[in-house]
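J.: Could you have a look at this structure, given as structure tokens, before my questions?
There are 2 protein chains.
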Amino acid sequence: MIRNISGGVTAAMGFSAACCAAGIKYQDRTDMAMLYSTVPCNAAGTFTTNRVKAAPVLWDRDIVSSGCPAQAVVVNAGIANAATGKTGLDLCRKTAEAAGKILDIPASSVLIGSTGVIGPNIPLDKITAGVSVMAAALSDTQEAGTAASRAIMTTDTVNKEFAVSFELPAENGVGTVTVHLGGMCKGSGMIHPNMCTMLAYLTTDCDISRDLLQQALSAVVQDTFNMISVDGDTSTNDTLLVLSNGLAGNRCIDKADETYSLFCEALFTVCRDLAVKMAGDGEGATHLVEMRVYNADTKKNAQILARSVVGSSLVKAMIYGRDANCGRILCALGYAGPDFDPAVIELYLVGEKETVCFYRDGCVQDFDEEKAAAILSEKEVRFACDMKMGSAEAFAWGCDLTYDYVKINGDYRS
Amino acid sequence: MIRNISGGVTAAMGFSAACCAAGIKYQDRTDMAMLYSTVPCNAAGTFTTNRVKAAPVLWDRDIVSSGCPAQAVVVNAGIANAATGKTGLDLCRKTAEAAGKILDIPASSVLIGSTGVIGPNIPLDKITAGVSVMAAALSDTQEAGTAASRAIMTTDTVNKEFAVSFELPAENGVGTVTVHLGGMCKGSGMIHPNMCTMLAYLTTDCDISRDLLQQALSAVVQDTFNMISVDGDTSTNDTLLVLSNGLAGNRCIDKADETYSLFCEALFTVCRDLAVKMAGDGEGATHLVEMRVYNADTKKNAQILARSVVGSSLVKAMIYGRDANCGRILCALGYAGPDFDPAVIELYLVGEKETVCFYRDGCVQDFDEEKAAAILSEKEVRFACDMKMGSAEAFAWGCDLTYDYVKINGDYRS
Numbered sequence: 004m005i006r007n008i009s010g011g012v013t014a015a016m017g018f019s020a021a022c023c024a025a026g027i028k029y030q031d032r033t034d035m036a037m038l039y040s041t042v043p044c045n046a047a048g049t050f051t052t053n054r055v056k057a058a059p060v061l062w063d064r065d066i067v068s069s070g071c072p073a074q075a076v077v078v079n080a081g082i083a084n085a086a087t088g089k090t091g092l093d094l095c096r097k098t099a100e101a102a103g104k105i106l107d108i109p110a111s112s113v114l115i116g117s118t119g120v121i122g123p124n125i126p127l128d129k130i131t132a133g134v135s136v137m138a139a140a141l142s143d144t145q146e147a148g149t150a151a152s153r154a155i156m157t158t159d160t161v162n163k164e165f166a167v168s169f170e171l172p173a174e175n176g177v178g179t180v181t182v183h184l185g186g187m188c189k190g191s192g193m194i195h196p197n198m199c200t201m202l203a204y205l206t207t208d209c210d211i212s213r214d215l216l217q218q219a220l221s222a223v224v225q226d227t228f229n230m231i232s233v234d235g236d237t238s239t240n241d242t243l244l245v246l247s248n249g250l251a252g253n254r255c256i257d258k259a260d261e262t263y264s265l266f267c268e269a270l271f272t273v274c275r276d277l278a279v280k281m282a283g284d285g286e287g288a289t290h291l292v293e294m295r296v297y298n299a300d301t302k303k304n305a306q307i308l309a310r311s312v313v314g315s316s317l318v319k320a321m322i323y324g325r326d327a328n329c330g331r332i333l334c335a336l337g338y339a340g341p342d343f344d345p346a347v348i349e350l351y352l353v354g355e356k357e358t359v360c361f362y363r364d365g366c367v368q369d370f371d372e373e374k375a376a377a378i379l380s381e382k383e384v385r386f387a388c389d390m391k392m393g394s395a396e397a398f399a400w401g402c403d404l405t406y407d408y409v410k411i412n413g414d415y416r417s
Numbered sequence: 004m005i006r007n008i009s010g011g012v013t014a015a016m017g018f019s020a021a022c023c024a025a026g027i028k029y030q031d032r033t034d035m036a037m038l039y040s041t042v043p044c045n046a047a048g049t050f051t052t053n054r055v056k057a058a059p060v061l062w063d064r065d066i067v068s069s070g071c072p073a074q075a076v077v078v079n080a081g082i083a084n085a086a087t088g089k090t091g092l093d094l095c096r097k098t099a100e101a102a103g104k105i106l107d108i109p110a111s112s113v114l115i116g117s118t119g120v121i122g123p124n125i126p127l128d129k130i131t132a133g134v135s136v137m138a139a140a141l142s143d144t145q146e147a148g149t150a151a152s153r154a155i156m157t158t159d160t161v162n163k164e165f166a167v168s169f170e171l172p173a174e175n176g177v178g179t180v181t182v183h184l185g186g187m188c189k190g191s192g193m194i195h196p197n198m199c200t201m202l203a204y205l206t207t208d209c210d211i212s213r214d215l216l217q218q219a220l221s222a223v224v225q226d227t228f229n230m231i232s233v234d235g236d237t238s239t240n241d242t243l244l245v246l247s248n249g250l251a252g253n254r255c256i257d258k259a260d261e262t263y264s265l266f267c268e269a270l271f272t273v274c275r276d277l278a279v280k281m282a283g284d285g286e287g288a289t290h291l292v293e294m295r296v297y298n299a300d301t302k303k304n305a306q307i308l309a310r311s312v313v314g315s316s317l318v319k320a321m322i323y324g325r326d327a328n329c330g331r332i333l334c335a336l337g338y339a340g341p342d343f344d345p346a347v348i349e350l351y352l353v354g355e356k357e358t359v360c361f362y363r364d365g366c367v368q369d370f371d372e373e374k375a376a377a378i379l380s381e382k383e384v385r386f387a388c389d390m391k392m393g394s395a396e397a398f399a400w401g402c403d404l405t406y407d408y409v410k411i412n413g414d415y416r417s
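As given, the protein sequences belong to chains Z and H, one line each in that order.
Per this note's numbering, the very first residue in the first sequence carries number 4; after that it's consecutive.
Per this note's numbering, the very first residue in the second sequence carries number 4; after that it's consecutive.
Given below as structure tokens:
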């Protein structure tokens, strides 16, 4: 059984966090975070598929693919260190060297993350000063994890963290031990992850082989972070990392048995929660939007259809306006790509208490407009489409399109 | 040589037009248009690839694919006749029958077009009354064509028409004759054509075989209507039709020779003009945006890259805000799909008088922000990207993302 617990990146044993106000771009707020494990960790990650990859993405991808253990993460907000060429890669190496030296770990075990404006260079002196301050301030308290999640925000309006615990067989063969898995993420604009999301960091004290950790992450990301969209723009910096240090004392998960399944379930729970939080906090958003596609022929098609709806500008604008213009949802299903029969599918607006049928038998239905408007006023707006083809299902999450999205992105750099 | 001339759908000989205020949804304005040729025409068309196709799309596609001659077009604005099932198809048939009867032509030679809200049924009595009024008012004047182009507008802010003339060898073998090609279109929201655009109607007095007419249209649409995007939403109603009645008296174009090439050039000129007008009149738009991708490896990849940039919400918002946040353009190129080397491409902002280099050698350049902001204030904003891979080129057109887009689409049906 997976239990929700409080906290985030410091929920698992052996992990500590810190943050500081390095003044990289933002003033009067924290803008750097550090994560640290008392022992080396297995690391798994998924990264943006954008051809233009930020320097920290290249740095982290090298470490994760090399199979080397990781032990710390250094993240900054404000400047993305993307489109910065060799200078940007040097900055990563020097940051890792500075952190490695002060933490007494190899530079190759320090992962780097950056988020913010594309183009400018990050001032190295501010980064290294921040690393020194944070190394001295590392704490395994819940408050330290929360402060770290706040420090990596950009246009986010709320910090995003989540954690769970579950029981696994003990290493010594006697009974079970409690395993923890928590994480934090940031992301509000340029959110349309492909292989993973903006920045998300998970930590666990579970003992699991590196290969299975990567396998679990690669599978879970498809149903969670890859199913959200704020604006259709896949970032240059998308990074999802998970670190496992094995301190829970469970019998090591080294094959795809039922303990692996339980770990995957926990990983799914944390990733879904963080992904949904990100979708609901999309730039300027006033609603979280969920699209469920069920009875589809394949899961892949269900995912494509669901994601098309939450990505439609017209659907997003109608939700902001609380206008039950359901033809736009049909339209977005229709241009998504997968084949289906418009004469048999059924489309619903699913409220907390009532459900409205928008479309059936090839026709938009004569529904109660007032009831529909009331449901569209709920904070979380849910649509469901029965494809009448098979038994596959998928969920996608997004947000509405508002004046504030335009305002935020018309003048982001100022 | 292709000459621009005034007028639109009535520029070609033998074509007349009319419009009326049928009161289908809008009040106090015209909302129906009719086109008519004094003789039967070859008809070619391209239609939406959306799985959910409006009834008029199904009706027109049948006529065009059957090879039957066409002689009239009846279009309404306000209701799209989409997601209306059998009732919607019956409405098309009855409309064609009413028009055929009063014009004394077969119902199977009457093409139908609708644009507006998806879902509601169009009242048949208003449509047939409108058909009667328009049949009696048909006129081959330029004013009648312009009035027709106004009648099919929805959220469009300007009517869109264009015409050209060119010389072709005469049918009798003595010298040349003047051939005319003109058209009108509407489209402002739900614009991301795939195989063609919202509603566009072209007329020509050129004598050309039906097969070559279709071949020319299918080729030209790829570089014109299919290269514009307002909001990424491919409509259920996209329809592009061209009618040729042969009245110019040219030697019939029945093989792909140089006269066919000249016709294609004229068709391209008209389609590009109408497509660019549609992009520039995107819902809420204050700028036309042009993205040129050159020295790409293939034309297809150049098109995908160019279209990705004009479709990016973040790029669109930055243009509205006149913020030279060029990392967003790089980002949109990067997630478009085609492979390229971010270390060698070059990105430019092309003003009327000056050009600014945004990105080169893998790094965002240190450009003059004031100069860039001034260029971004021009009515037409142009970007160009040198891919350094080959010699293929493509243009895509879009518009900025503004408060008014959200306003228009948050409350479209009211």
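Virtual Cβ for every residue (Gly too), placed ideally from N, Cα, C.
Keep in mind the model is a prediction, meaning the values are calculated, not measured.
What does the Cβ neighbour count give for residue 199(Z), buried or exposed, with the cut at 16 atoms within 10 Å?
T.: With a pLDDT of 40 at residue 199(Z), under the threshold of 50, the modelled position of that residue is not reliable, and the figure given next carries that caveat. It is buried - the Cβ of residue 199(Z) has at least 16 other Cβ atoms within 10 Å.
J.: Could you tell me the distance, in whole angstroms, from the CA atom of residue 1(H) to the CA atom of residue 110(H)?
T.: With chain H covering only 4 through 417, there is no way to say anything about residue 1(H).
J.: Determine, using beta carbons only, whether residue 64(Z) comes closer than 8 Å to chain H.
T.: no
J.: Just mark residue 34(Z) as buried or exposed, buried being the case when its beta carbon has 16 or more other beta carbons within 10 Å.
T.: buried
J.: Distance cutoff 8 Å, beta carbons only. Does residue 29(Z) sit that close to anything in chain H?
T.: So, not an interface residue.
J.: Can you tell me whether DSSP reads residue 59(Z) as helix, strand or coil?
T.: helix
J.: Between 371(H), 125(H), 129(H) and 174(H), which has its C-alpha nearest residue 210(H)'s C-alpha?
T.: Taking residue 210(H) as reference, the option from 371(H), 125(H), 129(H) and 174(H) with the minimal CA-CA separation is 174(H).
J.: How about the region 243-252 of chain H and the region 364-377 of chain H: do they share at least three Cβ pairs that are nearer than 8 Å?
T.: no
J.: Between the C-alpha atoms of residue 184(H) and residue 270(H), what's the straight-line distance to the nearest angstrom?
T.: 7 Å
J.: Determine the direct distance from the alpha carbon of residue 390(Z) to that of residue 345(Z), and round the result to whole angstroms.
T.: Answer to the nearest angstrom: the Cα atoms are 9 Å apart.
J.: Output, in sequence order along the chain, the residues in the region 157-174 of chain H whose CB is closer than 7 Å to any CB in chain Z.
T.: none
J.: State buried or exposed for residue 315(H), treating a residue as buried only when at least 16 other CB atoms are found within 10 Å of its CB.
T.: buried
J.: Determine whether the beta carbon atoms of residue 21(Z) and residue 140(Z) lie at a separation below 8 Å.
T.: yes
J.: What number of angstroms, rounded off, separates the C-alpha of residue 403(H) from the C-alpha of residue 322(H)?
T.: 6 Å
J.: Under 9 Å between beta-carbons, which chain H residues line up against residue 412(Z)? List them in chain order, please.
T.: 316, 317, 319, 320, 321, 323, 324, 326, 328, 331 and 404
J.: Please identify the residue among 332(Z), 378(Z) and 272(Z) whose C-alpha is closest to the C-alpha of residue 122(H).
T.: Distance from the Cα of residue 122(H) is smallest, within the candidate group 332(Z), 378(Z) and 272(Z), for 332(Z).
J.: Closer than 8 Å, CB to CB, is residue 409(H) near chain Z or not?
T.: Judged by the 8 Å Cβ criterion, residue 409(H) is in contact with chain Z.
J.: Quick check on DSSP: helix, strand or coil for residue 271(H)?
T.: helix
J.: Check the Cβ of residue 345(H) against every Cβ in chain Z and list those closer than 7 Å, keeping chain order.
T.: 54 and 55
J.: Pull up the CB-CB distance for residue 281(Z) and residue 163(Z), whole angstroms please, since I reckon it's below 8 Å.
T.: 6 Å
J.: Under 8 Å between the Cβ atoms of residue 418(H) and residue 341(H)?
T.: As shown, chain H starts at 4 and ends at 417. That puts residue 418(H) outside it, with no answer to give.
J.: Give the DSSP-derived three-state secondary structure of residue 77(H) in the structure shown.
T.: strand
J.: From which residue to which residue does the alpha helix (DSSP H) around residue 131(Z) run?
T.: Secondary structure note for residue 131(Z): its alpha helix (DSSP H) is the uninterrupted segment 127-140.
J.: So with CB distances below 9 Å, who are the chain H contacts of residue 121(Z)?
T.: 328, 329, 330, 331, 333, 334 and 367
J.: If you measure from the beta carbon of residue 181(Z) to each beta carbon in chain H, is any gap under 8 Å?
T.: no
J.: Return the residues of the region 226-241 of chain Z that lie within a Cβ-Cβ distance of less than 8 Å from chain H, sorted by chain order.
T.: 234, 235, 236, 237, 238 and 239
J.: Where does residue 255(Z) fall in DSSP's three states?
T.: DSSP places residue 255(Z) outside both helix and strand once states are collapsed to three, so it counts as coil.
J.: For a cutoff of 8 Å on Cβ pairs, would you count residue 351(H) as touching chain Z?
T.: no
J.: Under a Cβ-count criterion, where at least 16 other Cβ atoms within 10 Å of its own Cβ denotes burial, should residue 70(H) be classed as buried or exposed?
T.: exposed
J.: Is it true that the CB of residue 278(Z) sits closer than 8 Å to the CB of residue 231(Z)?
T.: Note that the C-beta distance between residue 231(Z) and residue 278(Z) is below 8 Å.
J.: Among 306(H), 207(H), 413(H) and 8(H), which residue has its Cα nearest to the Cα of residue 339(H)?
T.: Taking only the C-alpha atoms, the option nearest residue 339(H) is 306(H).
J.: Near residue 142(Z), what residues of its chain come up, given a Cβ to Cβ distance below 6 Å and the 5 sequence neighbours on each side ignored?
T.: 19
J.: So if DSSP puts residue 296(Z) in a beta bridge, which residue, or which two residues, is it bridged to?
T.: 388(Z) and 397(Z)
J.: Give every residue of the same chain whose Cβ lies closer than 6 Å to the Cβ of residue 408(Z), excluding the five residues on either side of it in the sequence, and list them in chain order.
T.: 286 and 287
J.: Can you tell me whether residue 6(Z) is helix, strand or coil according to DSSP?
T.: strand
J.: Using a beta-carbon distance cut-off of less than 9 Å, what residues from the region 289-307 of chain Z approach chain H?
T.: none
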